[in-house]
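Residue numbers (my numbering): 199 to 595.
Structure first, then comments.
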Amino acid sequence: MRDDTNVGGMNFELTEDQQLIRSTVAELCRKFDDQYWMEKDQAHEFPTEFYNAIAEGGWLGITIPEEYGGHGLGITEATLLAEEVSRSGGGMNAASSIHMSIFGMHPVVVHGSAELKQRTLPRIATGDLHVCFGVTEPGAGLDTTHITTFARRDGDHYVVNGRKVWISKAMESEKILLLTRTQRYDEVAKKTDGMTLFLTDLDRAHVDIRPIAKMGRNAVTSNEVFIDGLRIPVEDRVGEEGKGFRYLLDGLNPERMLIAAEALGLGRVALDRATKYAKERVVFGRPIGMNQGIQFPLADSLAHLDAAELVLRKATWLYDNGKSCGREANTAKYLCADAGFTAADRALQTHGGMGYAEEYNVSRYFREARVMRIAPISQEMILNYLGSHTLGLPRSY
Ligand SMILES: Cc1cc2nc3c(=O)[nH]c(=O)nc-3n(C[C@H](O)[C@H](O)[C@H](O)COP(=O)(O)OP(=O)(O)OC[C@H]3O[C@@H](n4cnc5c(N)ncnc54)[C@H](O)[C@@H]3O)c2cc1C
């Protein structure tokens with residue numbers, strides 16, 4: 199028998215407000231064209247004008263609760279914002295300049311004290327406060343439980359020593375969301391215990407920050423961070439001591455969705471550029487896009503981007519409706535990162551030799567799309583999650 203209670207339960211349409219987010223962000227981003235992003239990338243220069251425009255538009259506080267100066271919207275809206283920003287041609291240079299402000303503060307919103315939230319969130323929403331995210335360490339890699347950066351309690355302070363790597367935007371940031379150990383790995387019963395999270399000043403007197411020379415996304419630095427005797431007041435601790443890893447886990451699914459949206463946007467703009475070029479470029483007396491060797495890979499990318507987008511929409515809907523979404527969030531990140539990169543690779547191929555030139559921008563998209571298969575979580579770790587959590591196979595990690 200048909201279950202009539204479920205009729206109309208499936209809806210693929212964005213609301214009017216969500217469509218407005220898309221069109222307004224797209225219009226704002228049009229002021230920052232490919233030339234702007236190419237120059238920022240080549241000069242290794244932070245896109246301050248873009249960041250300020252996004253801040254002035256009120257977009258940085260999209261998910262920050264209204265009582266702290268934000269709009270209190272969901273991850274669905276945040277992913278629409280991220281996708282449009284990336285799709286504008288700004289790619290990862292644009293997305294990374296605002297990524298942390300958009301959803302990175304989730305552990306603080308959920309677990310931070312009212313005083314910490316009041317002191318930081320309104321400034322993040324206005325764009326005044328730049329923040330970065332300090333988890334990865336050279337000795338631990340993806341096995342976060344093996345971090346060794348240590349915070350020792352000293353009266354009403356903690357004293358921190360250690361080393362982080364790949365910390366994006368640390369150069370430009372006033373504060374860092376920093377994961378430390380307050381109990382050593384071999385002192386805890388459960389390996390995820392004994393870690394503590396802080397939102398604190400990157401006090402340059404005790405923190406040395408060195409940019410890493412890298413393959414792309416050069417407008418935003420990623421850095422080695424050496425921490426030597428950094429004193430952190432207890433008020434900067436997020437939630438309880440020893441529970442930092444658990445707090446971070448809360449934010450992992452939305453983070454995966456956000457990165458998926460950025461990868462999707464990059465794939466879309468790459469496909470747009472490839473299609474345009476394939477129509478215009480005439481070789482052997484015909485537009486190259488008439489050849490199936492060029493046309494089919496582009497059509498195939500369209501199909502893969504569309505399918506990846508659907509999983510992403512389902513994941514954000516589940517999250518915003520308070521339902522479990524681990525499987526969908528991981529799948530969305532996996533499929534969007536692959537579809538985005540493949541589209542960028544094909545866009546480069548479609549442009550032939552000119553694809554390799556900076557002038558046509560697709561080489562920049564290609565370099566930027568590549569990183570989404572590695573960071574913030576590698577494709578292998580996504581498959582590990584699906585294999586062990588969803589399929590119930592034994593864990594390798
Ligand atoms: C541009 C960029 C920006 C970044 N920004 C930040 C940031 O702002 N903050 C931050 O904290 N970190 C940041 N990172 C770090 C990023 O999150 C890590 O690089 C990423 O999580 C991978 O960790 P790793 O480099 O240590 O790889 P490793 O842990 O050394 O792994 C190496 C390879 O082995 C694979 N592997 C390892 N174990 C397994 C297993 N059990 N099964 C299958 N495969 C396995 C991995 O998938 C990977 O391909 C950034 C990285 C990059 C490149």
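Quick reminder that beta carbons are idealized off the backbone N, C-alpha and C, glycines included.
Candidates the options, of which the one nearest residue i by Cα
i	options	result
Y583	E281, A527, G550	A527
F331	E370, R568, V569	E370
E422	S522, I410, Y595	I410
H242	K412, V432, T588, Q547	K412
R350	K373, T343, T378, A368	T378
E225	S286, G267, N250, T261	S286
R382	G440, T334, D341	G440
E557	R471, W515, Y266, S420	R471
G442	Y554, S561, L375	L375
L581	P305, Y532, D504	Y532
N559	R571, V569, R568, A542	A542
D406	L469, F424, V480	F424
H344	Q316, G392, L314	G392
A567	G491, G288, L397, R408	G288
Inter-residue CB distance, residue i and residue j (contact presumed, cutoff 8 Å)
i	j	result
E460	S284	4 Å
I273	Y517	5 Å
L258	G325	5 Å
A537	M455	With 8 Å as the limit, A537 and M455 do not qualify as a contact, their Cβ atoms being about 15 Å apart.
A417	N291	4 Å
D426	N359	6 Å
Residue i Cβ short of 7 Å to ligand 1 heavy atom set
i	result
F331	yes
I407	no
S522	no
R471	no
T334	yes
N291	no
V358	no
S420	yes
I296	no
P452	no
V569	yes
W364	yes
R415	yes
N528	no
I345	no
K412	yes
E578	yes
Within 8 Å, strictly: CB atoms of residue i and residue j
i	j	result
Q216	L279	no
E275	I322	no
R429	V329	no
H502	T473	no
V432	H309	no
L510	A530	yes
V435	T390	Strictly speaking, residue 435 in this sequence is Arg, with Val absent from that position. Not in contact: R435 and T390 (Cβ atoms no closer than 8 Å).
M303	K367	no
W364	T394	no
G553	S561	yes
D399	Y595	no
V307	P263	yes
L611	Y249	The chain is shown only over 199 to 595; residue 611 falls outside these bounds and no answer can be derived.
K373	L327	yes
T261	G255	no
P305	I457	no
G463	E281	yes
C523	N451	yes
For residue i, three-class secondary structure by DSSP
i	result
A403	coil
Y595	coil
T394	strand
T274	helix
F230	coil
H309	helix
K238	helix
K373	strand
L327	coil
R200	Caution is warranted here: a pLDDT of 44 is assigned to R200, below 50, making its placement in the model unreliable, and no coordinate value can be reported.
V358	strand
E422	strand
A349	strand
T342	helix
I365	strand
Residue i: CB within 7 Å of a non-hydrogen atom of ligand 3
i	result
L340	Only ligand 1 can be found as ligands here, which leaves ligand 3 out of the picture.
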